[in-house]
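Chains W and U, in that order, give the protein sequences.
For the first sequence, this note's numbering assigns the number 1 to the initial residue and increments by one for each residue that follows.
For the second sequence, this note's numbering assigns the number 492 to the initial residue and increments by one for each residue that follows.
Right, one structure below, let's go through it.
Protein chains: 2
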Amino acid sequence: MGEVRKVGIVGGGVIGAAWAARFLLNGIDVAVFDLDPEVERKTLEVVANARRAQTRLHGAALPAEGRLSFAASVAEAVSDADFIQESLPEREDLKQRVLAEVDAAMPAHAVIGSSTSGLLPTKLQSTMTRPDRLVVGHPFNPVYLLPLVEVCGGDQTSQQTIDIASALYTRVGMKVLHVRHEIDGFIADRLLEAVWREALWLINDGIATAAEIDDAIRFGAGLRWSFMGTFLTYRLAGGEAGMRHFLHQFGPSMEWPWTKLVGPKLTDELIDTVAAQSDEQAGNVGLREYEALRDSCLVDIMHALERNDFASGAVAKAYRASLVGKAAVELGSLGDDGRVLTGHTPVMPDWIDYNEHLTEYCYLKLFGDATDVVLARIGAGMDYVASGLSFYTVETHIRHLGQARLGEKVEVRTRVLGSDGKRLHLFHEMTNLTTGGLIATAEHMLLHVDAKAEKSCPAPAAIAEAMEGLVAAQRSLAPPEGSGRSIKMPG
Amino acid sequence: MGEVRKVGIVGGGVIGAAWAARFLLNGIDVAVFDLDPEVERKTLEVVANARRAQTRLHGAALPAEGRLSFAASVAEAVSDADFIQESLPEREDLKQRVLAEVDAAMPAHAVIGSSTSGLLPTKLQSTMTRPDRLVVGHPFNPVYLLPLVEVCGGDQTSQQTIDIASALYTRVGMKVLHVRHEIDGFIADRLLEAVWREALWLINDGIATAAEIDDAIRFGAGLRWSFMGTFLTYRLAGGEAGMRHFLHQFGPSMEWPWTKLVGPKLTDELIDTVAAQSDEQAGNVGLREYEALRDSCLVDIMHALERNDFASGAVAKAYRASLVGKAAVELGSLGDDGRVLTGHTPVMPDWIDYNEHLTEYCYLKLFGDATDVVLARIGAGMDYVASGLSFYTVETHIRHLGQARLGEKVEVRTRVLGSDGKRLHLFHEMTNLTTGGLIATAEHMLLHVDAKAEKSCPAPAAIAEAMEGLVAAQRSLAPPEGSGRSIKMPG
Numbered sequence: 001m002g003e004v005r006k007v008g009i010v011g012g013g014v015i016g017a018a019w020a021a022r023f024l025l026n027g028i029d030v031a032v033f034d035l036d037p038e039v040e041r042k043t044l045e046v047v048a049n050a051r052r053a054q055t056r057l058h059g060a061a062l063p064a065e066g067r068l069s070f071a072a073s074v075a076e077a078v079s080d081a082d083f084i085q086e087s088l089p090e091r092e093d094l095k096q097r098v099l100a101e102v103d104a105a106m107p108a109h110a111v112i113g114s115s116t117s118g119l120l121p122t123k124l125q126s127t128m129t130r131p132d133r134l135v136v137g138h139p140f141n142p143v144y145l146l147p148l149v150e151v152c153g154g155d156q157t158s159q160q161t162i163d164i165a166s167a168l169y170t171r172v173g174m175k176v177l178h179v180r181h182e183i184d185g186f187i188a189d190r191l192l193e194a195v196w197r198e199a200l201w202l203i204n205d206g207i208a209t210a211a212e213i214d215d216a217i218r219f220g221a222g223l224r225w226s227f228m229g230t231f232l233t234y235r236l237a238g239g240e241a242g243m244r245h246f247l248h249q250f251g252p253s254m255e256w257p258w259t260k261l262v263g264p265k266l267t268d269e270l271i272d273t274v275a276a277q278s279d280e281q282a283g284n285v286g287l288r289e290y291e292a293l294r295d296s297c298l299v300d301i302m303h304a305l306e307r308n309d310f311a312s313g314a315v316a317k318a319y320r321a322s323l324v325g326k327a328a329v330e331l332g333s334l335g336d337d338g339r340v341l342t343g344h345t346p347v348m349p350d351w352i353d354y355n356e357h358l359t360e361y362c363y364l365k366l367f368g369d370a371t372d373v374v375l376a377r378i379g380a381g382m383d384y385v386a387s388g389l390s391f392y393t394v395e396t397h398i399r400h401l402g403q404a405r406l407g408e409k410v411e412v413r414t415r416v417l418g419s420d421g422k423r424l425h426l427f428h429e430m431t432n433l434t435t436g437g438l439i440a441t442a443e444h445m446l447l448h449v450d451a452k453a454e455k456s457c458p459a460p461a462a463i464a465e466a467m468e469g470l471v472a473a474q475r476s477l478a479p480p481e482g483s484g485r486s487i488k489m490p491g
Numbered sequence: 492m493g494e495v496r497k498v499g500i501v502g503g504g505v506i507g508a509a510w511a512a513r514f515l516l517n518g519i520d521v522a523v524f525d526l527d528p529e530v531e532r533k534t535l536e537v538v539a540n541a542r543r544a545q546t547r548l549h550g551a552a553l554p555a556e557g558r559l560s561f562a563a564s565v566a567e568a569v570s571d572a573d574f575i576q577e578s579l580p581e582r583e584d585l586k587q588r589v590l591a592e593v594d595a596a597m598p599a600h601a602v603i604g605s606s607t608s609g610l611l612p613t614k615l616q617s618t619m620t621r622p623d624r625l626v627v628g629h630p631f632n633p634v635y636l637l638p639l640v641e642v643c644g645g646d647q648t649s650q651q652t653i654d655i656a657s658a659l660y661t662r663v664g665m666k667v668l669h670v671r672h673e674i675d676g677f678i679a680d681r682l683l684e685a686v687w688r689e690a691l692w693l694i695n696d697g698i699a700t701a702a703e704i705d706d707a708i709r710f711g712a713g714l715r716w717s718f719m720g721t722f723l724t725y726r727l728a729g730g731e732a733g734m735r736h737f738l739h740q741f742g743p744s745m746e747w748p749w750t751k752l753v754g755p756k757l758t759d760e761l762i763d764t765v766a767a768q769s770d771e772q773a774g775n776v777g778l779r780e781y782e783a784l785r786d787s788c789l790v791d792i793m794h795a796l797e798r799n800d801f802a803s804g805a806v807a808k809a810y811r812a813s814l815v816g817k818a819a820v821e822l823g824s825l826g827d828d829g830r831v832l833t834g835h836t837p838v839m840p841d842w843i844d845y846n847e848h849l850t851e852y853c854y855l856k857l858f859g860d861a862t863d864v865v866l867a868r869i870g871a872g873m874d875y876v877a878s879g880l881s882f883y884t885v886e887t888h889i890r891h892l893g894q895a896r897l898g899e900k901v902e903v904r905t906r907v908l909g910s911d912g913k914r915l916h917l918f919h920e921m922t923n924l925t926t927g928g929l930i931a932t933a934e935h936m937l938l939h940v941d942a943k944a945e946k947s948c949p950a951p952a953a954i955a956e957a958m959e960g961l962v963a964a965q966r967s968l969a970p971p972e973g974s975g976r977s978i979k980m981p982g
């Protein structure tokens, strides 16, 4: 089969709507079916949240959105879909009935992913005519931001189905965890359920409140869990002796009665207690406000991890790279006007300020990179620096004329205004390709130096000639507006 | 009692050394006792890690460091301490014996915090002459970065002791969670242990590997847990109907056998399996490298959360505010010559190039921060920006006159050359305090703007007066060498 172009969403609650958003924002058409008469309003709200968050996360790198439609029946939602994502309530009989219906109505090449958080695919597929076409694709809330999706096949699931689902989830920016053995709750929910049950016991037994239990997580281990799991964390806790030492040291505590197996009985009294404590914890902050705060924190954390090229940050980075069209811009090439193309990039998440504008010092980062492109072109790149000779920037003059926001594409083109065999006089112009205007210029004077002796010296003939060649190629251009300026108060 | 000036650290392993670092970096003197002959080397390594991380987290706000010494005996470490932090191995008999020793040697006003992760304070204090002076202060690794500390008193612990410990932990930037009922594992470790036991079962039963289990956490729920705990997360999952709806919806699954009570038996075979999987997961990346990565991720995540003023970010923000006035240098203060002190920091690891020199664009980062200090001083700080008014840099002129290497201290002092109520003309001078020379200057023209309208406008009278005040204070100084320059080829 070819690339997935349309997804049918069966079940449009919190999970289904967020799936719809993730697919739409990746340029895939989506048809949603749900019995809820308010499904359209609710889905559009979730898509709006997702758009805001994903745009902050990935900026202009995102493709044009897919088309969203609402179907009047299961059959209508899936009849021309390449992929179906089922997100019905967690009732085995309900899912079995509707999955058989989907199976009967979907195209021959289509594949179904089920969002079930704990039901076994072998049971879910048992009522289907083409059971090989069903696989579990279990996501986490908010589905449009959290990367994890557990992919788990049943006894009759084909490898092709697993591959199709995994490829689609990866394409929309997710991290596929292949659950190789069918088990209730798969992997993640078994871990979450362990925490949840222990937490309910702590409330049931009057040891701690909902807010205290949340604090016990978010101010401690939760910070680590956002990028390292339990094993890597404990490996580090084991010090130089590592995991084996840790196991021997803490093995005995495994026998201590620190957790309980099944959760406490959910009596009306316990439900009242938990709900009341949850209300108190939430204070006067409403659901939507918390969701916006949650999404904002998640985006900022993923950007923070991207700066470290680790965990979800590495996933986001690879995903964004996969989105960039292979448009061949060749840095160092000469444009028709003789200027050198020295920069071409979207504004990255770690270059922005709190207003999501390209921040002041990152202009100089981009201009510095542009200078390196010129130096590489004249034969004074990294190898040259390693040989002990180099150009140092001795003077810089930057003018700010506009702005660039997260994800907008900026381009730098460079004039070589002069050279005397020892000095190199550059003038960079930065354009915001997304909005169309010149947003900054940087004028630099560079000096050729012997880095070991820390003294300036004339450049070798080949480099001096290359510099002169660039000056000559641009001689017909009028001097750039804004060069040779000094800073002073007007009048 | 007055403020804690000296802490005795009894037990200088991973936890004890990190406690030492946290106290030292808050200007508190520390004496460490441990039988390990290598305690000095190991402690200094941890303190260096902590200094790097905390300096990245809080910058120049940190106070002058306390003095670190190593004691030859428990008595020597605690005899003149105001507070003692015990971090011995988790053996009740050992802790009881040494705590009695500490009790006998410490001053009458001193208080002991025990780092135990699960032993009960009532038992630990049972051998002490002054049992009212012991409280549990249970931290999380790395102690110099994670905010959480569980404070739990035993039957004989006095309220005053709890208050003293809580105040000290808060003062050094931590989030105190008061555990009101003594229970094995307190609150946090019961939750962590639940995850850990279930994770070991998953390996024991061949369901998943260490790396897969870690991925199941860090790409999903772990991201949420870094700022919201389980209850707030599930409240949001309950949608508009909230926690009560969530409990009713998922209550039945509480009875399903998704987790097991006690951990699996740690047979040699299971230990081998876990250790081997952990080795494979870690690959060729060594312990120190992982620790540095962990700390870098934690600092960036806390900055990310600070941008949202939430969870650990709110704690870091409040902590930094509490440091005002304690900082080793006071940014924004006027020097004898009328210049404003606007920067004072060592060169950080992420600011250097491959030669370990302060890299070009980071000069502008430091100069930009210096501009922010001037703006805060004239009443145009973050609150002002939030109100919709701001100063934008429109022109920058940098001269490079020298270098700074990793770890060298640089200082920025700023001249205010002029203002006309709308424009602000600054001249920053950066000195390398370690080598002694002027290494760069930056001249800036700033324009006062209405950020919403994206138009320049006159500054309010109070700010205009503050600008004029600075210009007047510096009027007697000769114009700085290098101001008003433009870039051009000589001759």
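Glycine included, each C-beta is placed from N, C-alpha and C at the ideal position.
Taking a contact to mean a Cβ-Cβ separation below 7 angstroms, would you say residue i touches residue j in this structure?
i	j	result
Gly482 of chain W	Thr434 of chain W	no
Ser657 of chain U	Val642 of chain U	yes
Gly834 of chain U	Val876 of chain U	no
Gly13 of chain W	Val32 of chain W	no
Gly437 of chain W	Gly484 of chain W	no
Phe574 of chain U	Val538 of chain U	no
Asn923 of chain U	Ala237 of chain W	no
Ser605 of chain U	Asp623 of chain U	no
Val299 of chain W	Leu331 of chain W	no
Phe737 of chain U	Tyr725 of chain U	yes
Val940 of chain U	Ser881 of chain U	yes
Val136 of chain W	Thr116 of chain W	yes
Gly804 of chain U	Leu796 of chain U	yes
How should residue i be labelled, buried or exposed, when 16 other C-beta atoms within 10 angstroms of its C-beta is the threshold for buried?
i	result
Asn49 of chain W	buried
Gln545 of chain U	buried
Leu968 of chain U	exposed
Gln651 of chain U	exposed
Asn846 of chain U	exposed
Asn517 of chain U	buried
Trp749 of chain U	Caution is warranted here: a pLDDT of 44 is assigned to Trp749 of chain U, below 50, making its placement in the model unreliable, and no coordinate value can be reported.
Ala509 of chain U	buried
Met489 of chain W	exposed
Leu146 of chain W	buried
Between the options, which lies nearest to residue i when the distance is taken from Cα to Cα?
i	options	result
Thr129 of chain W	W:Asp369, W:Ala104 and W:Ala459	W:Ala104
Phe231 of chain W	U:Gln576, U:Glu771, U:Glu577 and U:Met597	U:Glu771
Val471 of chain W	W:Asp450, W:Lys488, W:Arg423 and W:Ile439	W:Arg423
Leu908 of chain U	U:Asp800, U:Val831, U:Ile930 and U:Ala699	U:Val831
His935 of chain U	U:Ser617, U:Gln768 and U:His916	U:His916
Whole-angstrom Cβ separation of residue i and residue j, contact assumed at under 8 angstroms?
i	j	result
Lys586 of chain U	Glu577 of chain U	7 angstroms
Gly898 of chain U	Pro970 of chain U	With a Cβ gap of about 34 angstroms, Gly898 of chain U and Pro970 of chain U do not count as contacting.
Gly720 of chain U	Asp214 of chain W	2 angstroms
His672 of chain U	Ile271 of chain W	Not confirmed; about 22 angstroms, so no contact.
Going by DSSP, name the residue or residues bridged to residue i.
i	result
Gly604 of chain U	U:Gln576 and U:Val626
Glu782 of chain U	Answer is none; Glu782 of chain U lacks a bridge partner.
Gly643 of chain U	It is worth fixing the name first, because residue 643 of chain U is Cys in this sequence and not Gly. According to DSSP, Cys643 of chain U bridges with U:Val627.
Lys946 of chain U	U:Asp941
Lys497 of chain U	U:Asp520
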